[in-house]
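Colleague: Mind the numbering: the sequence shown is residues -8 to 215 in the numbering used here, read in order.
We put the CB at the ideal spot given by N, CA and C, even for glycine.
All values reported here derive from a predicted model rather than from experimental measurement.
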Amino acid sequence: MQKTILVTGGNRGIGLETCKQLAAMGHTVIMGSRNLEKGQEKAKAIDGNVIAKQLDVTSEASINALKAEIQAEFGKLDVLINNAGIMSEDNVSDVSIEEQKRVMETNVWAPMRMVQIFVPLLNNSDDPRIVNLSSQMGQRMNQTADHSAYRLSKFTLNGLTLQLANALPNIKVNAMHPGWVKTDMGGSSAPLSVEEGADTSVWLATADNIPSGKLFCCRELMEW
Ligand SMILES: NC(=O)c1ccc[n+]([C@@H]2O[C@H](COP(=O)([O-])OP(=O)(O)OC[C@H]3O[C@@H](n4cnc5c(N)ncnc54)[C@H](OP(=O)(O)O)[C@@H]3O)[C@@H](O)[C@H]2O)c1
C-alpha cells in the first residue's frame, strides 16, 4: 500500500537516505527541511515522489504551517519519522542547563510537539505509525558522563516513546537506534553506511506486523 510519510531532518544524513529508500518503494515522501532551498535541491535529485517542505522542528509555527499544508494536500499522514536530531559535546559534571535545554528542545520537545500536532492527521490513516530516531547512547546501561546532554535527551526520548505508545493505542509508536552511521553527526570513522542506518526506520515505517512501544536496532528488539 502506498503511504504518505513525513521525515523530519530529511535533507541530509540518515533522513535523506530514508527519504530515498521510501521513495524507491513507491511511497509519497514529505521531506522536512529547515532550509527549504536545500531540501528542494536534494528532493529534485531523488528518483520518486519526494516533496520538500520547510520544517524547523523547534518552531511550533513551522510545524503548524506544515500540518495545514499536509492536511490540505493529503488529508492524512500515514507515518511520522522523527529523525531530526543534534549531538552535544559536554560532560554531566559541568554541562550548562542552557546547553541541556538546547539539546532537549530538538531531541525531545520537538518530537513530542510533532506528535501532538500531527495526531489528528495520523488518526485519518488506516495504519498510522510514528518512528523516533533514538540512540544506544540513550540506553539505561549507557548513561556515562560524556555527551551527557545528548545521552539524557535520547534516554528521555525513549521514555516519551513508551508514554506515546500507551497514550495512542491506535498508532504504532516505536524508537530505533540506527547504528553508528557515517554522517555529519556520526563522523567518517563510523562503520555503517547511511543505507544501513536508514534500514530500520524504513522497515518500521512500512513492514507488516510491527509491534508498538519497542526499541529496535537492525530490525531486532533492543534493551531500553
Ligand atoms: N549518525 C549516527 O551514528 C547516529 C547514531 C545514533 C542515532 N542517530 C540519530 O539519527 C538521527 C539522524 O542523525 P544523522 O546522523 O543523520 O544526523 P546529521 O547528519 O547531523 O543530520 C541531522 C539532520 O537533522 C536536522 N535538524 C537538526 N535540527 C533541526 C531542526 N531544529 N529542525 C529541522 N531539522 C533539524 C538537520 O538539518 P540541517 O541540515 O538544517 O541542520 C539534518 O537534516 C538523529 O536523531 C541522531 O541523533 C545518529
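1) At a cut-off of 7 Å, is P102 close to ligand 1 when judged by its beta-carbon and the heavy atoms of the ligand?
2) Using a threshold of 7 Å, is the CB atom of G150 nearer than that to any non-hydrogen atom of ligand 1?
3) How many Å lie between R104 and D199 at the Cα?
4) With C-beta atoms as the reference, is E187 less than 8 Å away from G170?
5) What does the alpha-carbon distance come out to for the pair G30 and N161?
6) For F65, does the three-state DSSP call read helix, strand or coil?
7) Counting pairs of Cβ atoms below 8 Å between the stretch 80 to 97 and the stretch 121 to 132, do you hit three or more?
8) Could you pull out every residue in the same chain whose Cβ sits closer than 8 Å to the Cβ of I5, ignoring the five residues on either side in sequence?
9) Looking at the unbroken alpha helix (DSSP H) that takes in M95, where does it start and where does it end?
10) Can V172 be considered in contact with ligand 1, in the sense that its beta carbon sits closer than 7 Å to one or more heavy atoms?
11) Is the CB-CB distance between T147 and M95 below 8 Å?
12) Would you decide whether L57 is buried or exposed? Buried here means 16 or more other CB atoms lie within 10 Å of its CB.
13) Between V41 and V70, which are expected to be in contact by the criterion C-beta below 8 Å, what is the C-beta distance as a whole number of angstroms?
14) Report the three-state DSSP secondary structure of Q130 (helix, strand or coil).
15) So what's S53 in DSSP terms, helix, strand or just coil?
16) What residues match up with T(-5) in a beta bridge as DSSP calls it?
17) Identify whether R210 lies in helix, strand or coil by the three-state DSSP scheme.
18) Answer yes or no: the CB of V193 versus the heavy atoms of ligand 1, is any distance below 7 Å?
19) For S144, which residues from the same chain have a beta carbon less than 7 Å from its beta carbon, with the 5 sequence-adjacent residues on both sides left out?
20) Between which two residues does the alpha helix (DSSP H) containing R142 stretch?
21) Assuming contact is defined by CB atoms lying nearer than 8 Å, are L68 and T(-5) in contact in what I supplied?
22) In terms of residues, what are the limits of the alpha helix (DSSP H) holding L112?
Modeller: Result, derived from the coordinates:
1) Outside the cutoff, so no.
2) Not so, every heavy atom of ligand 1 lies at least 7 Å from the Cβ.
3) Taking the straight line joining both Cα atoms gives about 27 Å.
4) A contact, by the Cβ cut-off of 8 Å.
5) For G30 and N161, the distance between alpha carbons rounds to 31 Å.
6) Annotated three-state conformation of F65 is coil, per DSSP.
7) No: the two stretches stay apart, fewer than three of their Cβ pairs being nearer than 8 Å.
8) Excluding positions up to five away in sequence, the list reads N74, L124, P169, V172, T174, V185, G188, A189 and S192.
9) Taken as a continuous stretch (DSSP letters only), the alpha helix (DSSP H) holding M95 covers I88 to M95.
10) Yes.
11) Closer than 8 Å, so yes.
12) With 16 or more other CB atoms across the displayed protein chains lying within 10 angstroms of its CB, L57 is buried.
13) Contact doesn't hold; Cβ gap of about 14 Å is too wide.
14) Three-state DSSP puts Q130 in coil, outside helix and strand.
15) It is helical.
16) Its beta-bridge partners are T19.
17) In the structure shown, R210 sits in coil (DSSP, three-state: anything other than H, G, I, E or B).
18) False, no ligand heavy atom lies under 7 Å from that Cβ.
19) Here the set comprises V94, M95, N98 and V99.
20) Where R142 is concerned, the enclosing alpha helix (DSSP H) stretches over S139 to A158.
21) The Cβ atoms of L68 and T(-5) sit closer than 8 Å to each other.
22) Per DSSP, L112 belongs to the alpha helix (DSSP H) from A101 to L113.
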